[in-house]
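Below you'll find the structure, written out as C-alpha cells, and then a few comments.
Number of protein chains: 2
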Amino acid sequence: MRSITANYRTMNTMKKYFNYWFYVILAAMAAILFSPGQADAQDHRMIRLAKITVDPAQLEQYNAALKEQMTTAVKVEPGVLTYYAVADKANPAHITILEIYADTAAYKAHILTPHFKKYKATVQNMVKSLELVDVNLIGAAKKPDM
Amino acid sequence: MRSITANYRTMNTMKKYFNYWFYVILAAMAAILFSPGQADAQDHRMIRLAKITVDPAQLEQYNAALKEQMTTAVKVEPGVLTYYAVADKANPAHITILEIYADTAAYKAHILTPHFKKYKATVQNMVKSLELVDVNLIGAAKKPDM
Numbered sequence: 001m002r003s004i005t006a007n008y009r010t011m012n013t014m015k016k017y018f019n020y021w022f023y024v025i026l027a028a029m030a031a032i033l034f035s036p037g038q039a040d041a042q043d044h045r046m047i048r049l050a051k052i053t054v055d056p057a058q059l060e061q062y063n064a065a066l067k068e069q070m071t072t073a074v075k076v077e078p079g080v081l082t083y084y085a086v087a088d089k090a091n092p093a094h095i096t097i098l099e100i101y102a103d104t105a106a107y108k109a110h111i112l113t114p115h116f117k118k119y120k121a122t123v124q125n126m127v128k129s130l131e132l133v134d135v136n137l138i139g140a141a142k143k144p145d146m
Numbered sequence: 147m148r149s150i151t152a153n154y155r156t157m158n159t160m161k162k163y164f165n166y167w168f169y170v171i172l173a174a175m176a177a178i179l180f181s182p183g184q185a186d187a188q189d190h191r192m193i194r195l196a197k198i199t200v201d202p203a204q205l206e207q208y209n210a211a212l213k214e215q216m217t218t219a220v221k222v223e224p225g226v227l228t229y230y231a232v233a234d235k236a237n238p239a240h241i242t243i244l245e246i247y248a249d250t251a252a253y254k255a256h257i258l259t260p261h262f263k264k265y266k267a268t269v270q271n272m273v274k275s276l277e278l279v280d281v282n283l284i285g286a287a288k289k290p291d292m
C-alpha cells in the first residue's frame, strides 16, 4: 500500500507541475503572438524609396513643398516615422526619398491627410516622373543623436 | 570752450562705443566663421546613395557582412553617422544604402579601417555591380525615437 500511495503522490505532484508549466508556456506564447513589441512593430513597417524627377525650373518650389509635407506628416501623424530626401549632386532635379511608415494602414491614412493632398496638388505640374519602390530593411545603424 | 569740451567728450564716448562694438562684431564674426555648430556641421556632411547588385546565391552572406560593417563603423568611428540599407521587395538582390558621414575626411578615414577592409574583402565576389551617387540633403524628418 505504501508504494501505491507514494506513486499516487508523485503523479499528483507531476500533474500539478504539468498544469503550472502548461499555463506558463501558454502565457509566454500569447505574449509573443499578441505583443506590440519592437521586433513585431518593425516587421510590419512599410518602407519605400520614391524616385522623383522634377522640372529643374521649379526645383526650389518643389523642395519647399516637399519639406513642408515631410515635416507636417512626421509632426502630426503617429504612423509617419521617418523621411530622408536627397538630391543627386550631379543632377539636383533627380530626387530620392526614403520613407518609413509604421505599417500600410499608416500609409493609407497618410495619403488622405490635408497636408499630403496639398503637397500633391502643389507639385502636380512640377514632377516629371515618379517611381515608387517598396523595399525591406536589411539594417540601419546610426549615432544616438541622429 | 564749453562746447569744444562737450564735443571732445562726445567724440571720446563715441570712440569708446566704436571700439566696444568693433570688438563685439569681430568676435561674433569669428564665432560664426570658426564654430563647429549644427548648421555648419550639416553643411559639410557627406551623404551618398550606394546602389548595389548582389549575386542572389550569396545574398544572405552579403547582408550579414553589410550589417556587421555598418554596426561596427557607427559604433567605433565618430564620423560615421547613419546607415540605412534596404532591398527592393521585388528583387532583394538590388540593394540601396543611404550613408551619412560627418565630412569627407571622416569618409576617407572610414575606408581605411580594418572593419571596412574586411567587408570589402568578404563581399568582393558577391557584388555584381556598384554605383555610388553623391547627394545633398533636401531635408529629413523623423520621430524623436527613430
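Line order of the protein sequences matches chains F and W. Count the first sequence with our numbering and you get residues 1 to 146, in order. Count the second sequence with our numbering and you get residues 147 to 292, in order. From the three backbone atoms N, C-alpha and C, an ideal C-beta is built for every residue, glycine too.
### Message
Once DSSP output is grouped into helix, strand and coil, what is the label at Gly183(W)?
### Response
Against the second sequence, residue 183(W) aligns to sequence position 37. At Gly183(W), the pLDDT of 45 sits below 50, so the modelled position is not reliable; the number obtained from the coordinates is stated separately. Gly183(W): coil per DSSP, three-state reduction.
### Task
Have a look at Lys143(F) and Val273(W) and give me their C-alpha separation to the nearest angstrom.
Within the first sequence, residue 143(F) is the residue found at index 143, counting from 1. Within the second sequence, residue 273(W) is the residue found at index 127, counting from 1. Between Lys143(F) and Val273(W), the C-alpha separation is close to 27 Å.
### Message
For a cutoff of 8 Å on Cβ pairs, would you count Asp249(W) as touching chain F?
### Response
In the second sequence, residue 249(W) corresponds to position 103, counting from 1. Chain F contact via Cβ: absent.
### Among Tyr247(W), Asn237(W) and Glu223(W), the one whose alpha carbon lies nearest that of Tyr230(W)
As a working note, residue 230(W) is residue 84 in the second sequence. For the residues Tyr247(W), Asn237(W) and Glu223(W), the minimum Cα distance to Tyr230(W) belongs to Tyr247(W).
### Message
So, at 8 Å on beta carbons, what are the nonlocal neighbours of Leu212(W) in its own chain, with the 5 sequence-adjacent residues on each side left out?
### Response
For the purposes of this step, residue 212(W) is taken as the residue at position 66 of the second sequence. For Leu212(W), where only same-chain residues beyond five positions count, the Cβ hits under 8 Å are Ala231, Ile241, Ile243, Tyr265 and Val269.
### Message
Closer than 7 Å between beta carbons: that is the criterion. Which residues of the stretch 187–206 of chain W meet it against chain F?
### Response
Ile193 and Leu195
### Query
Got a sec: is the Cβ-Cβ distance from Pro260(W) to anything in chain F below 8 Å?
Counted from its first residue, the second sequence places residue 260(W) at position 114. Not closer than 8 Å to any Cβ of chain F, the Cβ of Pro260(W) fails to qualify, so no.
### Query
How long is the line joining the alpha carbons of Ile284(W) and His261(W), rounded to whole angstroms?
Mapped onto the second sequence, residue 284(W) falls at position 138. Mapped onto the second sequence, residue 261(W) falls at position 115. Looking at the two C-alpha atoms, the distance is approximately 30 Å.
### Task
Measure from the C-beta of Lys118(F) to each C-beta in chain W and report whether the shortest distance is under 8 Å.
Locating residue 118(F) in the first sequence gives position 118, counting from the first residue. Chain W contact via Cβ: absent.
### Query
What three-state label does DSSP hand His44(F) in the structure shown?
Against the first sequence, residue 44(F) aligns to sequence position 44. The answer is coil: DSSP assigns His44(F) none of H, G, I, E or B.
### Query
How long is the line joining the alpha carbons of Lys75(F) and Tyr62(F), rounded to whole angstroms?
Working through the first sequence from its first residue, we reach residue 75(F) at position 75. Working through the first sequence from its first residue, we reach residue 62(F) at position 62. Rounded to the nearest angstrom, the two C-alpha atoms are 20 Å apart.
### Query
Using a Cβ-Cβ distance under 8 Å, would Met128(F) count as near chain W?
Looking up residue 128(F) in the first sequence gives position 128. It is Lys, not Met, that sits at residue 128(F) in the sequence shown. By this cut-off, Lys128(F) is not an interface position.
### For Ala286(W) and Met70(F), the rounded distance between their alpha carbons
Here residue 70(F) is taken as the residue at index 70 of the first sequence, counted from 1. Here residue 286(W) is taken as the residue at index 140 of the second sequence, counted from 1. Going by the C-alpha atoms only, they are around 8 Å apart.
### Message
For Asp201(W) and Asn19(F), what's the separation of their Cα atoms in angstroms?
### Response
Position 55 of the second sequence, counting from 1, holds the residue named residue 201(W). Position 19 of the first sequence, counting from 1, holds the residue named residue 19(F). Approximately 51 Å between the Cα atoms of the pair.
#### Entry: Helix, strand or coil at Met126(F) [DSSP, three-state]
The residue labelled residue 126(F) in the question sits at position 126 within the first sequence. Reduced to three states, the DSSP call for Met126(F) is coil.
### Task
Would you tell me roughly how many angstroms separate the C-alpha atoms of Ser129(F) and Thr53(F), rounded to the nearest one?
Numbered from its first residue, the first sequence carries residue 129(F) at position 129. Numbered from its first residue, the first sequence carries residue 53(F) at position 53. The alpha-carbon atoms of Ser129(F) and Thr53(F) are separated by roughly 5 Å.
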